[in-house]
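Visitor: Residue numbers (this note's numbering), protein chains in the order written: chain A, 16 to 448; chain B, 9 to 325.
Next up is a structure, given as structure tokens.
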């Protein structure tokens with residue numbers, strides 16, 4: 016069935032737009048399209064959205080991609096298989112014939128023959144434009160124009176200029192469709208390994224998606240209530256039930272189970288000047304955590320410490336981060352003071368099921384680090400995890416108190432790229448096992 | 009493929025998307041084109057539909073209307089945290105099983121009494137079927153009932169996002185193959201695969217495995233034309249002029265920055281209230297008095313209250 020070819024290419028384009036499509040799903044989509052047919056564009060779009068997209072965002076992306084793609088393709092009239100007549104006779108006729116649909120069809124076919132779906136880079140535009148025009152037989156037409164000097168030649172010259180523009184446009188649209196897959200993947204890969212302090216503002220949107228994915232991974236694990244068997248306590252009802260077959264003689268015993276409560280998380284986030292470059296990102300992570308974890312309290316500190324749970328909960332991400340930064344950010348940090356603030360106001364939050372997560376560089380501008388407070392927090396809490404945006408070999412240099420705090424952290428990691436963060440989250444999950 | 013489009017489906021009435029539109033409309037549910045397409049595909053591909061969207065846009069209503077239209081029984085399973093197999097799939101009739109053992113003890117002497125040796129008695133015992141874990145003692149819960157319904161059924165798994173992840177995983181077998189496995193009895197497959205509708209309010213992200221097995225339908229707020237048709241179908245007493253005005257008003261209300269924008273169900277309620285109050289046309293006074301039908305948060309009522317005059321004037325055209 017040759018109608019599946021445009022669909023298959025559409026899947027490739029959709030993948031580029033960020034919609035994950037597995038082979039099984041593409042088979043499913045083909046069955047669905049079989050059921051509804053190609054005739055109604057809107058129905059076709061709805062159908063693909065229903066089968067392929069799994070979130071509202073994906074639906075949106077898919078719909079956009081659909082419009083972009085099928086403005087080009089004419090699925091109910093698949094392009095002719097044989098490439099246009101290279102002699103140029105056909106092309107001249109086409110151009111003078113004034114039938115844009117026929118020209119478009121010839122262009123499709125030529126694009127196919129020139130391997131247009133393989134286009135990957137911006138720089139290949141001219142190459143592919145030239146190739147398509149060659150396949151369509153432009154050289155012959157140009158030669159014909161050179162030989163004659165009449166009105167028809169004039170007409171042809173104009174038509175050729177028009178064709179050039181059309182083909183170029185066509186190639187550019189294809190580039191958007193087919194090259195996006197590669198470039199997106201490449202960009203994401205780059206983002207993951209770039210130092211957080213070097214990231215551009217324009218990358219924030221994409222970062223947010225990645226950060227959210229990481230936070231969600233953490234949350235999925237935490238949110239699941241886990242059960243543990245209580246040794247020595249028989250669950251009478253279920254034991255009798257289980258042993259009914261043996262007239263109630265308890266061959267198999269069932270023990271009572273205890274549900275383990277969901278752990279609490281307390282996050283302290285440094286937003287001082289020394290981490291200004293990454294604090295945006297740290298807050299982004301904090302915001303994402305707030306979105307996905309139910310029982311979380313968030314604090315931001317520089318010279319002193321404030322609770323920011325409310326702000327993060329009630330505002331969208333951009334204004335929330337801006338508000339936190341204006342309220343407390345950019346000052347010089349004082350870890351001792353901030354820890355003291357925390358102990359004074361919120362130490363009661365911490366019990367043996369609390370995980371304390373500290374995001375910061377431990378540079379207190381030579382103020383008293385008040386290590387003993389962290390020690391007290393550490394003894395009360397289930398664990399203290401410290402993520403430091405600096406490289407490990409910068410720890411302890413200058414005013415960094417990292418190594419003084421280190422003994423009281425159950426986990427201490429550098430966290431300067433997204434990849435680090437991903438690794439840390441995975442390790443955290445390992446620890447909770 | 010584990011499932012197939014050739015399976016007998018409960019109805020041949022789902023012949024085309026238009027047929028679905030008309031059928032649902034005849035039961036008072038005015039579907040958008042997208043919803044109709046989803047129902048049609050669900051029938052043709054024998055796949056469940058996962059419906060997401062804000063509260064009150066008619067997710068549950070959709071399942072009810074499909075059941076009414078196809079005259080199939082609606083089997084509803086409300087999900088909640090801690091829902092488990094025993095409540096969703098089946099349970100053994102514990103009391104009956106107990107009685108059975110008592111009877112067995114009384115009768116066993118009679119049945120085996122004349123056996124010459126232990127071997128002969130055992131042999132005779134094997135002759136009886138294993139009744140203890142048989143279908144007689146099985147108490148079917150919603151999921152099993154939906155599979156066993158001889159003429160097919162509409163299974164509504166409501167608010168699946170409220171159930172635990174384990175339960176979600178447990179649903180997978182039913183959703184993809186329309187069968188369940190009961191350890192003591194073996195596999196039970198559906199005679200007629202039910203139409204399965206799952207709804208979710210996005211309390212948590214559902215697993216990919218679940219989403220992959222379903223058609224994903226997102227019902228948003230309807231556009232003005234569709235909403236007017238819905239009101240016309242649900243509250244026929246409201247005349248066309250009032251209908252147009254109130255729908256325009258609600259539509260512009262959704263454009264405001266509200267905590268909980270009014271949904272279709274609120275529009276319907278409001279239309280009923282206006283009809284009861286014999287309102288011929290919207291007035292700022294009427295709107296102010298009845299705004300609490302549309303908006304459920306004090307903050308929202310305040311926000312909307314400030315622009316009430318302007319909104320009403322615009323709605324009146």
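Glycine residues also receive a C-beta, built at the ideal position from the N, C-alpha and C atoms.
This one's a predicted model, so the numbers in the text were calculated from it and none came from an experiment.
Do residue 73 (chain A) and residue 33 (chain A) come within 9 angstroms of each other at the CB atom, strictly closer than that value?
Guide: Their beta carbons are under 9 angstroms apart, which means residue 33 (chain A) touches residue 73 (chain A) by this criterion.
Visitor: Among all the DSSP beta bridges, which residues are the ones paired with residue 430 (chain A)?
Guide: According to DSSP, which records beta bridges pairwise, residue 430 (chain A) is partnered with nothing at all.
Visitor: Using DSSP bridges, identify the partner residues of residue 48 (chain A).
Guide: In the DSSP output, where bridge partners are listed per residue, residue 48 (chain A) has none listed.
Visitor: Helix, strand or coil for residue 42 (chain B) per DSSP?
Guide: Residue 42 (chain B) falls in the helix class under three-state DSSP.
Visitor: Output yes or no for whether 9 angstroms exceeds the beta carbon distance between residue 286 (chain B) and residue 60 (chain B).
Guide: No, the pair does not count as a contact, with Cβ atoms beyond the cut-off.
Visitor: Residue 99 (chain B) bridges to which residues according to DSSP?
Guide: According to DSSP, residue 99 (chain B) bridges with B:147.
Visitor: Going along the chain, which residues of its own chain have a beta-carbon closer than 7 angstroms to the beta-carbon of residue 357 (chain A), five neighbours each way excluded?
Guide: So the qualifying residues of the chain are 283, 314, 320.
Visitor: Counting only Cβ pairs nearer than 8 angstroms, list the residues of chain B close to residue 260 (chain A).
Guide: Within chain B, the residues near residue 260 (chain A) are 140, 141.
Visitor: Using a Cβ-Cβ cut-off of less than 8 angstroms, list which residues of the segment 21-41 of chain B approach chain A; keep chain order.
Guide: Listed in sequence order: 25, 41.
Visitor: At the level of alpha carbons, what is the spacing between residue 111 (chain A) and residue 139 (chain A)?
Guide: Each residue's Cα considered, the two are about 29 angstroms apart.
Visitor: Can residue 422 (chain A) and residue 404 (chain A) be called in contact, C-beta distance under 9 angstroms?
Guide: For residue 422 (chain A) and residue 404 (chain A), no; Cβs fall outside 9 angstroms.
Visitor: Rounding to the nearest angstrom, what Cα-Cα distance links residue 129 (chain B) and residue 112 (chain B) in this structure?
Guide: About 14 angstroms.
Visitor: Just to confirm my understanding: we take residue 265 (chain A), look at its own chain, exclude 5 residues before and 5 after, and list those with CB closer than 6 angstroms. What are they?
Guide: Taken in chain order, the residues that qualify are 254, 258.
Visitor: Using the beta-carbon of each residue, which ones in chain A are nearer than 8 angstroms to residue 185 (chain B)?
Guide: Ordered by position in chain A, no residue passes the 8 angstroms Cβ test against residue 185 (chain B), which lies about 14 angstroms from the chain.
Visitor: Taking 9 angstroms as the CB-CB cut-off, is residue 149 (chain B) touching chain A?
Guide: It does not: the Cβ of residue 149 (chain B) has no partner Cβ on chain A nearer than 9 angstroms.
Visitor: Cβ of residue 292 (chain B) less than 9 angstroms from any chain A Cβ?
Guide: Answer no: the Cβ-Cβ gap between residue 292 (chain B) and chain A never drops below 9 angstroms.
Visitor: Quickly, what does DSSP pair residue 82 (chain A) with across the bridge? List them, please.
Guide: For residue 82 (chain A), which the question treats as bridged, DSSP gives no partner whatsoever.
Visitor: Do residue 58 (chain B) and residue 164 (chain B) have their C-beta atoms closer together than 9 angstroms?
Guide: Contact: no.
Visitor: Can you round the beta-carbon distance between residue 156 (chain A) and residue 128 (chain A) to whole angstroms, since I take them to be within the 8 angstroms contact cut?
Guide: Actually they are not in contact, since the Cβ atoms of residue 156 (chain A) and residue 128 (chain A) sit about 17 angstroms apart, beyond 8 angstroms.
Visitor: Let me confirm a value: residue 197 (chain B) is counted as buried when at least 16 other C-beta atoms fall within 10 Å, else exposed. Which label applies?
Guide: With fewer than 16 Cβ atoms within 10 Å of its Cβ, residue 197 (chain B) is classed as exposed.
Visitor: Within the segment 163-187 of chain A, note down every full beta strand (DSSP E) run reaching 3 residues or more, in order along the chain.
Guide: Correct list: empty.
Visitor: In whole angstroms, what separates the C-alpha of residue 399 (chain A) from that of residue 417 (chain A)?
Guide: Rounded to the nearest angstrom, the two C-alpha atoms are 14 angstroms apart.
Visitor: Can you give the Cα-Cα distance for residue 355 (chain A) and residue 363 (chain A), rounded to whole angstroms?
Guide: For residue 355 (chain A) and residue 363 (chain A), the distance between alpha carbons rounds to 13 angstroms.
Visitor: Determine the DSSP secondary structure at residue 294 (chain B), reduced to helix, strand or coil.
Guide: In this structure, residue 294 (chain B) counts as helix in the three-state DSSP scheme.
Visitor: Going by the CB atoms, is the gap between residue 218 (chain B) and residue 182 (chain B) shorter than 9 angstroms?
Guide: The answer is no: Cβ separation not under 9 angstroms.
Visitor: At a CB-CB cut-off below 7 angstroms, which residues of chain B make contact with residue 325 (chain A)?
Guide: None at all; the shortest Cβ gap to chain B is about 15 angstroms.
Visitor: List the residues of chain A whose Cβ lies closer than 9 angstroms to the Cβ of residue 53 (chain B), in chain order.
Guide: What residue 53 (chain B) touches in chain A: 43, 46, 47, 50, 66.
Visitor: If you count every other CB in all the chains shown that lies within 10 Å of the CB of residue 267 (chain B), and 16 or more means buried, which is it?
Guide: It is exposed - the Cβ of residue 267 (chain B) has fewer than 16 other Cβ atoms within 10 Å.
Visitor: Please classify residue 278 (chain B): does DSSP put it in a helix, a strand, or coil?
Guide: It is helical.
Visitor: Which same chain residues, not among the five before or five after residue 409 (chain A), have their C-beta less than 8 angstroms away from its C-beta?
Guide: Answer for residue 409 (chain A): 415, listed in chain order.
Visitor: If distances are taken between C-alpha atoms only, which option among B:192, B:124, B:232 comes closest to residue 1 (chain B)?
Guide: Absent from the model: residue 1 (chain B). The displayed extent of chain B is 9 to 325, so no value can be given.
Visitor: By how many angstroms is the C-alpha of residue 132 (chain B) removed from the C-alpha of residue 191 (chain B)?
Guide: Rounded to the nearest angstrom, the two C-alpha atoms are 26 angstroms apart.
Visitor: Could you check how far apart the C-beta atoms of residue 289 (chain B) and residue 239 (chain B) are, in whole angstroms? I think they sit under 8 angstroms.
Guide: 15 angstroms between Cβ atoms; not a contact.
Visitor: Check each candidate in A:78, A:147, A:324, A:145 and name the one with the smallest Cα separation from residue 361 (chain A).
Guide: Nearest C-alpha to residue 361 (chain A): A:324.
Visitor: Which chain A residues sit within Cβ distance under 9 angstroms of residue 259 (chain B)?
Guide: Here the premise fails: no neighbours, minimum Cβ distance about 20 angstroms.
Visitor: For residue 64 (chain A), count the other beta carbons within 10 Å of its own beta carbon; 16 or more makes it buried, fewer makes it exposed. Which is it?
Guide: So residue 64 (chain A) ends up on the buried side.
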